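Heads up: the sequence shown is residues -17 to 165, going by the working numbering.
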Amino acid sequence: MRKKIVVATGVVVVAVGAYFLTGSVEKKEPIKIDAQEIKQLVQEYSVGNIENLSASITSKQLIVTGGEVDPLTYDLPENEFFVSIAPYIEGTHPCATHSLTGCQGEMVKQEFSVNIEDMEGNVILDQTMKSQSNGFIDLWLPHDKKYRITIVHGGKSAESEISTFESDNTCITTMQLLGGKSA
-17 MRKKIVVATG
-7 VVVVAVGAYF
3 LTGSVEKKEP
13 IKIDAQEIKQ
23 LVQEYSVGNI
33 ENLSASITSK
43 QLIVTGGEVD
53 PLTYDLPENE
63 FFVSIAPYIE
73 GTHPCATHSL
83 TGCQGEMVKQ
93 EFSVNIEDME
103 GNVILDQTMK
113 SQSNGFIDLW
123 LPHDKKYRIT
133 IVHGGKSAES
143 EISTFESDNT
153 CITTMQLLGG
163 KSA
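Below, the structure written as structure tokens:
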């Protein structure tokens, strides 16, 4: 009988503790702001205009941590996918989820010819772009598609296929520029 009372008391204590714990933990919903505002916020973190906080970006959310605040999450536009590409010649780093405030690419503030086509051959982007001070080129592409991307710089080029599905990487650090096409 004594064992049953001890076990029952233990179960009650655990249940009450769990109730208070889950009741006191606030479940924060992602912050919803319009597409232009979220793009501007991502850009501000990416170029280093916001200090003392860390920001990373998944296929669905911008996640901000650090400082005196609890982590904040912002929903990204539903029909657009953020991807950041760091072309390189000598060195790179493995990455899947882009850290807007931590990832550093090799080729800082350099111009690249960037061409992106969907798998049907439709041109999505064909322009000269400059990498940021973190060595990355930030892009917003339509969601749920596959693309062929070609990056050219100084007579060297890199080609790759990327996709913008929910489980895809937001950080592309695998595009090594090799001899070939001219800019």
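Cβ atoms here follow ideal geometry from the backbone N, Cα and C, with glycine treated the same way. Quick caveat: nothing in here was measured; it's all calculated off a predicted structure.
**OP:** Quick one: using the 10 Å Cβ neighbour count with 16 as the cut-off for buried, is Leu58 buried or exposed?
**Re:** Taking the first residue of the sequence shown as 1, we reach residue 58 at position 76. It counts as buried.
Original post:
Along the chain, where does the beta strand (DSSP E) that runs through Leu54 open and close?
Top reply: Sequence index remark: in the sequence shown, residue 54 carries index 72 (1-based). Looking at the DSSP string, the run of the beta strand (DSSP E) that includes Leu54 is 54 to 57.
Subject >> Boundaries (first-last residue) of the alpha helix (DSSP H) holding Val24 >> reply: Mapped onto the sequence shown, residue 24 falls at position 42. Start and end: 17 to 28.
**OP:** Leaving out five residues on either side along the sequence, give the residues of the same chain with a beta carbon under 7 Å from the beta carbon of Asp126.
**Re:** Within the sequence shown, numbered from 1, the residue matching residue 126 stands at position 144. Correct list, in chain order: Thr146, Phe147.
**OP:** Helix, strand or coil for Thr83, going by three-state DSSP, please let me know.
**Re:** Within the sequence shown, numbered from 1, the residue matching residue 83 stands at position 101. If DSSP states are grouped into helix, strand and coil, Thr83 belongs with coil.
Original post:
When DSSP labels each residue in this structure, what does Leu159 get in the three-state scheme?
Top reply: Along the sequence shown, read from residue 1 onward, the residue named residue 159 stands at position 177. Leu159 sits in coil when the DSSP states are folded into three classes, being neither helix nor strand.
**OP:** Identify, in the order they occur along the chain, each residue of the same chain with its Cβ nearer than 7 Å to the Cβ of Thr169, setting aside the five sequence neighbours on each side.
**Re:** Given a span of -17 to 165 for the chain in the structure shown, any question on residue 169 remains unanswerable.
Original post:
Cβ atoms of Leu82 and Ile119: under 8 Å apart, would you say?
Top reply: One-based indexing of the sequence shown puts residue 119 at position 137. One-based indexing of the sequence shown puts residue 82 at position 100. Not in contact: Ile119 and Leu82 (Cβ atoms no closer than 8 Å).
Subject >> Cβ neighbours of Ile45 in the same chain (closer than 6 Å, five flanking residues each side left out) >> reply: Counting from 1 along the sequence shown, the entry for residue 45 is found at position 63. For Ile45, where only same-chain residues beyond five positions count, the Cβ hits under 6 Å are Ser38, Thr55.
**OP:** Ignore the nearest five residues each way along the sequence and tell me which others in Pro53's own chain have a CB closer than 6 Å to its CB.
**Re:** Here residue 53 corresponds to residue number 71 of the sequence shown, with the count starting at 1. Excluding positions up to five away in sequence, the list reads Thr47.
**OP:** Determine the direct distance from the alpha carbon of Val51 to that of Ile144, and round the result to whole angstroms.
**Re:** Taking the sequence shown and counting its residues from 1, the one referred to as residue 144 is at position 162. Taking the sequence shown and counting its residues from 1, the one referred to as residue 51 is at position 69. The alpha-carbon atoms of Ile144 and Val51 are separated by roughly 35 Å.
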